[in-house]
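Under mature numbering (1 follows the signal peptide of the UniProt record, and there is no 0), the letters of the sequence shown match residues -20 to -1, 1 to 411, in that order. See structure below.
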Amino acid sequence: MKKFSILLSLILLISSFLVGCNSKESITSSDGTTTIDFAIHVANAKDQEPAFYKVIEKFQAENPDIKVNLIGKEQQEHVKSIKMMSQSDKLPDVFWMLPASAKELQEADMLMDLSGFIDDNPDIKDSLNDNMLNTYNKDGKQYGLPYQPLITGLFYNKALFDQYEVKIPETFEDLAEATKVFEQNGITTIAKGAKDEYSVWAFLTMLSRYGYFDKIDDILAGDESYNNADFIKYYQKIDELRKLGAFSKNVTTQTYFQAVEQFLGGQAAMLDSGMWDVQKIEQSAIGKDVGFWWGPTFADGTGDQKISSIVPAAPLLASKKAGEDKAKKEAILKLFKFYYGEEGTQIMVENQVPPMTNASVEINEAEHPVFKKLVDQMQLEGWESQPNQPDLVVPESIANAMYDSIYGVINGTYTPEQAVKVVEDKISTVK
């Protein structure tokens, strides 16, 4: 009887343990702390993503019952790791991922639905531009939120414009006139490096001013062609800039990074770049003279010409399994509320990451003049961002063909008619 009693006690103990393991309630540490495993795309977040790291640091200080366990790997290794973990259904609680892979995980039903979080936080919902939410929303399910905004355009050296008595352009005609003056004085108008074909950010925004987002879905569906009259006009404008001497003579052999140095050295009036170069520009000799511009409007363009480029970067995702764990889910949603709220936004701004919301932020202009000018452009009345970067809404092979077509005209190897055909031919192979 005693042996039976001992055996029964063991069975009950094992059953209790198994029930605990299968429970949806999180097993927290003895001190009541809930841990969130957060996988990020850099090996050392503190040094490589200081703005993000400081937001996490402050969040933990204000929420001592939540521990954020950062798991850092360089981007290529990180993406590979997440894909492998998804195959065994062992995704981290929260993680950064490339947009295409995020969409695949959503289609595989492996992500937490964040729609309730958005609906329960109307202040955050109202502060985010539509494209920040729509990009990672599928059939009404909010499966991701942008890690940071991605801001691209043209930096300009105002000192050079003043020196040669050229006004800061607004229209394409203004830009053409400025190019003539700079060419006569041995100054490159727009620093670019064709060796890095992806470096066409401002030129992609210009393509949006010729109706790209009104056409691209039909183009990919085969109901419209990339080889159309509006897009040919766009490439003709690039060709006109080339003929006027807007680009350096060694643009075909120059890298993007060499183009940056050309601009910083005062040899170019403008640089096609984005928010990631702000600190480098501010620390340079020309920093105090640099402004930021969304690029020219076009008289023969299609639709609204006041198009900026404030688009969502790769998303942050939460695993579906984490969402099934009550304590983890509450901790994750609390983290997101802090991250996308006013306090998280201000911490980002203090570390020179532009706001992805319309929350009021404070910027020390004396310390960060270029950053202040970039944020001022983001807040211009009457301007609306393109939904995304044109190259980020098509398959990679088509994006590469777009880069090739733009630099092909800049280099003089393609006519405008040949450039649109390059992209159309690639689209036909992907259908």
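Built from N, CA and C at the ideal position, the CB exists for glycine as well. Note that the structure is predicted; figures quoted are calculated from it, not measured.
Terminal residues of the beta strand (DSSP E) in which residue i lies
i: Met255; result: Element bounds for Met255: n/a, residue is neither H nor E.
i: Asp50; result: Per the sequence shown, the amino acid found at residue 50 is Leu instead of Asp. Its beta strand (DSSP E) spans residues 46 to 52.
i: Trp274; result: Unbroken run through Trp274: none, as it is neither H nor E.
i: Ile170; result: 168 to 171
i: Ala298; result: 295 to 298
i: Phe75; result: 74 to 76
Beta-carbon contacts of residue i that lie in its chain and below 6 Å, excluding the five residues immediately before and after
i: Val333; result: Ala31, Gln128
i: Gly124; result: Ala82, Tyr116, Pro295, Leu297
i: Gly303; result: Met92, Lys309
i: Glu54; result: Ala23
i: Met65; result: Leu71
i: Ile104; result: Tyr320
i: Thr15; result: Lys47, Asn49
i: Lys138; result: Asp269, Gly271
For residue i, the nearest candidate out of the options (CA to CA)
i: Tyr136; options: Pro102, Ile290, Glu150; result: Glu150
i: Glu112; options: Asn208, Asn368, Pro349; result: A quick correction: the sequence has Met, not Glu, at residue 112. For the residues Asn208, Asn368, Pro349, the minimum Cα distance to Met112 belongs to Asn368.
i: Gly281; options: Glu262, Ala209, Thr337; result: Ala209
i: Thr168; options: Gln357, Ala156, Tyr178; result: Ala156
i: Phe351; options: Leu224, Asp384, Pro292, Trp256; result: Trp256
i: Leu187; options: Thr409, Thr15, Ser408, Met382; result: Met382
i: Leu94; options: Ile36, Ala201, Phe243, Phe316; result: Phe316
i: Asp106; options: Gln263, Glu262, Asn338; result: Asn338
i: Leu50; options: Val231, Met90, Trp76, Gln398; result: Trp76
i: Asp89; options: Ala201, Pro370, Lys300; result: Lys300
i: Ser288; options: Lys121, Thr233, Asn109, Asn380; result: Asn109
i: Val161; options: Lys306, Gln263, Gly225; result: Gly225
i: Glu376; options: Pro349, Val410, Trp363, Ala399; result: Val410
i: Gln366; options: Ala379, Leu244, Gln326, Gly133; result: Gly133
i: Ala182; options: Ala265, Phe272, Ile98; result: Phe272
i: Phe18; options: Thr233, Ser264, Ala346, Ile36; result: Ile36
i: His21; options: Gly52, Ile327, Ile378; result: Gly52
Host alpha helix (DSSP H) of residue i (start-end)
i: Ile98; result: 95 to 100
i: Pro396; result: 396 to 410
i: Thr15; result: Unbroken run through Thr15 is the beta strand (DSSP E), 14 to 20; no alpha helix (DSSP H).
i: Ser188; result: 181 to 188
i: Pro335; result: Segment: none, Pro335 is in no alpha helix (DSSP H) and carries neither H nor E.
i: Asp27; result: 25 to 28
i: Glu310; result: 306 to 319
i: Lys213; result: 209 to 224
i: Leu354; result: 349 to 358
i: Val59; result: 55 to 67
Residue(s) in a DSSP beta bridge with residue i
i: Ser288; result: Ser365
i: Gly133; result: Ser253
i: Pro126; result: Pro295
i: Leu108; result: Thr337
i: Thr393; result: Beta-bridge pairing links Thr393 to no other residue.
i: Leu140; result: Paired residue(s): none; Leu140 is not in a bridge.
i: Thr233; result: Answer by DSSP bridge pairing: none, since Thr233 is not bridged.
i: Thr151; result: Thr277
i: Thr282; result: Tyr190
Residue i - DSSP class collapsed to helix/strand/coil
i: Val373; result: helix
i: residue 414; result: The chain is shown from -20 up to 411; residue 414 falls before or after that span and cannot be answered.
i: Ala248; result: strand
i: Thr325; result: helix
i: Leu91; result: strand
i: Ala174; result: coil
i: Asn380; result: helix
i: Ile266; result: coil
i: Tyr387; result: helix
i: Gly81; result: Per the sequence shown, residue 81 should be read as Ser rather than Gly. Three-state DSSP puts Ser81 in a helix.
i: Phe162; result: helix
Cutoff 8 Å: residue i Cβ touching any chain B Cβ
i: Trp256; result: The chain inventory of the structure shown lacks chain B, comprising one protein chain alone.
Proximal residues to residue i (C-beta, below 8 Å), its chain only, five neighbours per side dropped
i: Gly283; result: Arg189, Gly191, Asp194
i: Leu78; result: Val59, Ala294
i: Lys147; result: Phe141, Asp154, Ala158
i: Val355; result: Val329, Pro334, Pro335, Val341, Ile343
i: Val402; result: Ala381, Asp384, Ser385, Gly388, Tyr394
i: Gln40; result: Ile46, Lys47, Val48
i: Gln285; result: Arg189, Thr277, Phe278
Same chain, Cβ closer than 7 Å to residue i, five either side skipped, listed in chain order
i: Pro396; result: Ile212, Tyr215, Gln216, Asp219, Val389
i: Arg222; result: Val389, Ile390, Gly392
i: Val373; result: Ile196
i: Gln86; result: Lys118, Tyr123
i: Lys172; result: Ser179, Phe227, Val231, Ala239, Asp252, Ile390
i: Asn331; result: Pro30, Ala31, Lys34
i: Thr235; result: Gly173, Lys175, Asp176
i: Asn101; result: Lys317
i: Ser205; result: Ile199, Glu404
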